[in-house]
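There are 2 protein chains.
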Amino acid sequence: VKELKDAQVTIVGLGLMGASLAGALRGKCRRVVGVARRAESIEIALARGFVDSGTTDVAEGVCEADVVVLATPVRVILQQLPDIAPLLPEGCLLMDLGSTKGRIAVEMAQLPGHIQPLGGHPMCGKEKSGVEAADPALYKGCTFILSPLKRTSQEALTLGCAVAEAAGAHPLILEPERQDFLVATVSHLPYLLACALVATADATTSQDPAAWEVVATGFRSTSRLAGSDVTMMTDILLTNREEVLKALDTYQEHLGELIRLVDTADEEKMRQVLGVIRKTRREMYPASQQVIE
Amino acid sequence: VKELKDAQVTIVGLGLMGASLAGALRGKCRRVVGVARRAESIEIALARGFVDSGTTDVAEGVCEADVVVLATPVRVILQQLPDIAPLLPEGCLLMDLGSTKGRIAVEMAQLPGHIQPLGGHPMCGKEKSGVEAADPALYKGCTFILSPLKRTSQEALTLGCAVAEAAGAHPLILEPERQDFLVATVSHLPYLLACALVATADATTSQDPAAWEVVATGFRSTSRLAGSDVTMMTDILLTNREEVLKALDTYQEHLGELIRLVDTADEEKMRQVLGVIRKTRREMYPASQQVIE
Numbered sequence: 194v195k196e197l198k199d200a201q202v203t204i205v206g207l208g209l210m211g212a213s214l215a216g217a218l219r220g221k222c223r224r225v226v227g228v229a230r231r232a233e234s235i236e237i238a239l240a241r242g243f244v245d246s247g248t249t250d251v252a253e254g255v256c257e258a259d260v261v262v263l264a265t266p267v268r269v270i271l272q273q274l275p276d277i278a279p280l281l282p283e284g285c286l287l288m289d290l291g292s293t294k295g296r297i298a299v300e301m302a303q304l305p306g307h308i309q310p311l312g313g314h315p316m317c318g319k320e321k322s323g324v325e326a327a328d329p330a331l332y333k334g335c336t337f338i339l340s341p342l343k344r345t346s347q348e349a350l351t352l353g354c355a356v357a358e359a360a361g362a363h364p365l366i367l368e369p370e371r372q373d374f375l376v377a378t379v380s381h382l383p384y385l386l387a388c389a390l391v392a393t394a395d396a397t398t399s400q401d402p403a404a405w406e407v408v409a410t411g412f413r414s415t416s417r418l419a420g421s422d423v424t425m426m427t428d429i430l431l432t433n434r435e436e437v438l439k440a441l442d443t444y445q446e447h448l449g450e451l452i453r454l455v456d457t458a459d460e461e462k463m464r465q466v467l468g469v470i471r472k473t474r475r476e477m478y479p480a481s482q483q484v485i486e
Numbered sequence: 194v195k196e197l198k199d200a201q202v203t204i205v206g207l208g209l210m211g212a213s214l215a216g217a218l219r220g221k222c223r224r225v226v227g228v229a230r231r232a233e234s235i236e237i238a239l240a241r242g243f244v245d246s247g248t249t250d251v252a253e254g255v256c257e258a259d260v261v262v263l264a265t266p267v268r269v270i271l272q273q274l275p276d277i278a279p280l281l282p283e284g285c286l287l288m289d290l291g292s293t294k295g296r297i298a299v300e301m302a303q304l305p306g307h308i309q310p311l312g313g314h315p316m317c318g319k320e321k322s323g324v325e326a327a328d329p330a331l332y333k334g335c336t337f338i339l340s341p342l343k344r345t346s347q348e349a350l351t352l353g354c355a356v357a358e359a360a361g362a363h364p365l366i367l368e369p370e371r372q373d374f375l376v377a378t379v380s381h382l383p384y385l386l387a388c389a390l391v392a393t394a395d396a397t398t399s400q401d402p403a404a405w406e407v408v409a410t411g412f413r414s415t416s417r418l419a420g421s422d423v424t425m426m427t428d429i430l431l432t433n434r435e436e437v438l439k440a441l442d443t444y445q446e447h448l449g450e451l452i453r454l455v456d457t458a459d460e461e462k463m464r465q466v467l468g469v470i471r472k473t474r475r476e477m478y479p480a481s482q483q484v485i486e
C-alpha cells in the first residue's frame, strides 16, 4: 500500500459522486483514472479536468490501480465486487461510495485475499445527478463514513482516510450495521417523508392555481429530498429495508401522537410536546448555523 | 382612506413579524407607531429604527392611526379585535398578520361599521422569534395573502395592497376558507412532519454519539420547521384544526403507500411512484432555483 500522493486512483462510475471525487483527488495523487459505461461521460470528465484519463474498459482502468473506488448504486456495487476484484493488483485498496453498508460488507468479506476492502459512504450529495452536476467541492466539510472489515489492514484504512481527507471530508469509522441504523433515520426516513408530502400536495392543493403562490420556504425545505435520484434511492430503500421500516414505525408513532394532540386540541400538552421538539431541534443545530439552512 | 405615504401605520405587537413590517414601512408612510406589552421591545424597536414612536398603551397607539396592523398570534388577534376596534378613528383600515384566516374573518365581520377590516397573512418568517430577530427585508419577495370581507371597501383593499407592496411583498387576494385549506397542506403539515422527524431521531439515533456526525444536509432541511415558534404554531394548529387534520389524513395515505412499497420491496412500482414524485417536485421548483435551497 502506497501513500496517496504516489497512488493511481481509479473511479468506477462517473456520475455525480464519482466524478466529483475524481475532480477533488486530481493533483493530489499520481493519477486519476475514470471508468464509465458511456464514452460521453468520460469525454465530459476529461473536458472538465476531473480525470487524467478514462476508459470504458473496466479491466484496463483498474489493472494498475492502487486504489479503486466503486461509485455506482449499491446493487451495482454488489454485482461489481466479485467481477472487479480478480482484476486488481496485489494489495489494492477497494472502496465504494454506497449509501448502505450491510450487504456490501458481507460481499466484501468474500473477496479474494489479495484485495484490501473498505466500505465508504460520504454524507453529501445533491438533487441533480450525473457527471454534468459534478463538483470537486461536493465533499468539502462532509462526514465520510468508512467501514473497515476485520481483514482490512491498518495501512489500507489509513489510505482510505487519506482519500476522504484529500477530498476535504472528515473520515468517521463506523461498523456497517451501526451506519445502516443511523442513516435509516437521518437520511432515508427524511426522503420518504418529503416524498409523501409532495404526493399529498400534488393530490390536493396543487389543483388550486393559487397553491404555488402561497408556498412558503418551509414547504420547499421539507420537500427538498423528494427531488433525489430515484435509482439511488430505490437502491437504498431495497438494501436497507429492515432499518428503514423500523425507522418508519417509530416515526408513525410520533406522528400519531402529534395527530392526537391536534385532534383533541389539548393545548397544554401540545405546547409542552412541541416545546421539547423545538428545543431538541435547536440543540441539533446551534443558532450560528441556522442562517445557512 | 388615505394613501399610504400620508398614513399613520400602527403595528400592535413588536415580535418578529410586527417589528420587521414596521421597519419595512418606516419612511414609506407618514409615521410608524409601535405598540407592545413590554417597554423593552419598544426600546429595541426605537433603537433599531423600526418605528417613529412606541407605546405600551394600545388606545394611545391607535387613536390617530389610518392603518392598524395586529401582529400577534391568531388567538390574541381574536381577543384584540373587539377590544381595539372601538378605539379606532372613522374609516381606519384594520389588518392582521395571523396565519389562519377563517375564525378571524368571522370575528372581523362583527366589528363596528366605522372600521375597514382586512385579513392578512404574509407567507414569510424564520425560526427565531422576537424583536431581536426582526429584519425589514423579511417580507421581500414573499406572497402576502389578503382576505377582504364583503364589507371591505375597494379603497381599503387598495391601501392594504400598498402596505404589502411597500414591504416588498406580492399581494394575493384569497378567500379565508381557501387560504386555510392551502396553508394546511403547504405550511402546517410540513411543520408537523418536521416535528415527528425530530422526535423520531431524538428517540432513537440520538442515543448514538456518532448520529450527529452522519447527519447530512437532508435531515437539516427536512427538520427545519420543527424549530418554529411554539406559541405561533399551537395557535395555528388550534385555529385551523379541521383543515390540518384533513391534510394529515391525506398525508398518511400517501406515506402508507410508500411504506407498503418498501415492505413488499416492489422495485418496479417503487421506481414508478418515486419517479412521478421526483418529477412533481422538480416542476414545483425549476432547476434555476434549486441552488438556494
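Protein chains in written order, with the working numbering: chain A, 194 to 486; chain B, 194 to 486.
The beta carbon of each residue, even a glycine, is placed where N, CA and C say it ideally should be.
Cutoff 7 angstroms: residue i Cβ touching any chain A Cβ
i, result
"residue 213 of chain B", "no"
"residue 437 of chain B", "yes"
"residue 444 of chain B", "yes"
"residue 484 of chain B", "Its pLDDT being 38, under 50, residue 484 of chain B is placed unreliably in this model, and the value from its coordinates should be taken loosely. Not closer than 7 angstroms to any Cβ of chain A, the Cβ of residue 484 of chain B fails to qualify, so no."
"residue 470 of chain B", "yes"
"residue 389 of chain B", "yes"
"residue 432 of chain B", "no"
"residue 481 of chain B", "Low per-residue confidence applies at residue 481 of chain B: pLDDT is 44, beneath 50, and the placement is therefore not dependable, though the value from the model is reported in the following sentence. Chain A contact via Cβ: absent."
"residue 311 of chain B", "no"
"residue 203 of chain B", "no"
Neighbouring residues, chain B, relative to residue i (Cβ below 7 angstroms)
i, result
"residue 270 of chain A", "None at all; the shortest Cβ gap to chain B is about 17 angstroms."
"residue 456 of chain A", "438"
"residue 416 of chain A", "474"
Chain-ordered chain B contacts of residue i [CB-CB under 9 angstroms]
i, result
"residue 371 of chain A", "401, 403"
Amino acids of chain A, ordered along the chain, whose beta-carbon sits closer than 7 angstroms to that of residue i
i, result
"residue 478 of chain B", "413"
"residue 420 of chain B", "471, 474, 475"
"residue 316 of chain B", "407, 409"
"residue 392 of chain B", "447, 470"
"residue 460 of chain B", "427, 431"
N- and C-terminal bounds of the beta strand (DSSP E) containing residue i
i, result
"residue 338 of chain A", "336 to 341"
"residue 201 of chain B", "201 to 205"
"residue 398 of chain B", "First-last for residue 398 of chain B: undefined, no H or E at that position."
"residue 346 of chain B", "Premise fails: residue 346 of chain B is in no beta strand (DSSP E) and is neither H nor E."
"residue 151 of chain A", "This structure cannot speak to residue 151 of chain A, because chain A is shown only from 194 to 486."
Span of the alpha helix (DSSP H) around residue i
i, result
"residue 414 of chain B", "410 to 416"
"residue 266 of chain B", "Counting along the chain, residue 266 of chain B falls outside any alpha helix (DSSP H), and DSSP gives it neither H nor E."
"residue 328 of chain B", "Neither: residue 328 of chain B is in no alpha helix (DSSP H) and is coded neither H nor E."
"residue 447 of chain B", "434 to 457"
"residue 213 of chain A", "209 to 218"
"residue 294 of chain B", "Note, residue 294 of chain B: premise wrong, no alpha helix (DSSP H); not H, not E."
"residue 369 of chain B", "369 to 376"
Short CB-CB distance (under 7 angstroms) between residue i and chain B
i, result
"residue 395 of chain A", "yes"
"residue 453 of chain A", "no"
"residue 267 of chain A", "no"
"residue 463 of chain A", "yes"
"residue 398 of chain A", "yes"
"residue 263 of chain A", "no"
"residue 423 of chain A", "yes"
"residue 197 of chain A", "no"
"residue 206 of chain A", "no"
In DSSP terms, what residue i is bridged to
i, result
"residue 224 of chain A", "A/201"
"residue 363 of chain A", "A/336"
"residue 260 of chain B", "B/202, B/286"
"residue 315 of chain B", "B/337"
"residue 309 of chain A", "A/286"
"residue 248 of chain A", "A/228"
Under 9 angstroms by beta carbon: chain A residues contacting residue i
i, result
"residue 209 of chain B", "The premise fails here: residue 209 of chain B is roughly 14 angstroms from chain A at the closest Cβ pair, so nothing lies under 9 angstroms."
Interface partners of residue i on chain B, CB under 8 angstroms
i, result
"residue 426 of chain A", "467"
beta-carbon residue i near the ligand ZN non-hydrogen atom, thresh 6 angstroms
i, result
"residue 468 of chain B", "Here there are no bound small molecules, and the ligand ZN is not part of this structure."
Chain A residues whose Cβ lies nearer than 8 angstroms to that of residue i
i, result
"residue 348 of chain B", "Neighbours of residue 348 of chain B on chain A: none; closest Cβ ~24 angstroms, over 8 angstroms."
Problem - Where the region 274 to 308 of chain A meets chain B: residues whose CB sits under 8 angstroms from a CB there - result: Against chain B - using a Cβ distance shorter than 8 angstroms - the region 274 to 308 of chain A contributes no residues.
Practice task
Using a Cβ-Cβ cut-off of less than 8 angstroms, give me the residues of the region 351 to 385 of chain A that come near chain B, in sequence order.
Solution key: Result list: 363, 365, 367, 371, 372, 374, 375, 376, 378, 379, 380, 382, 383, 384, 385.
Exercise for the section: Identify each residue in the region 217 to 243 of chain A for which the Cβ-Cβ distance to at least one residue of chain B is less than 9 angstroms, and report them in chain order. Expected result: Closer than 9 angstroms at the C-beta level to chain B, one finds no residue of the region 217 to 243 of chain A.
Practice task
Using a Cβ-Cβ cut-off of less than 7 angstroms, give me the residues of the region 325 to 343 of chain A that come near chain B, in sequence order.
Solution key: 336, 338
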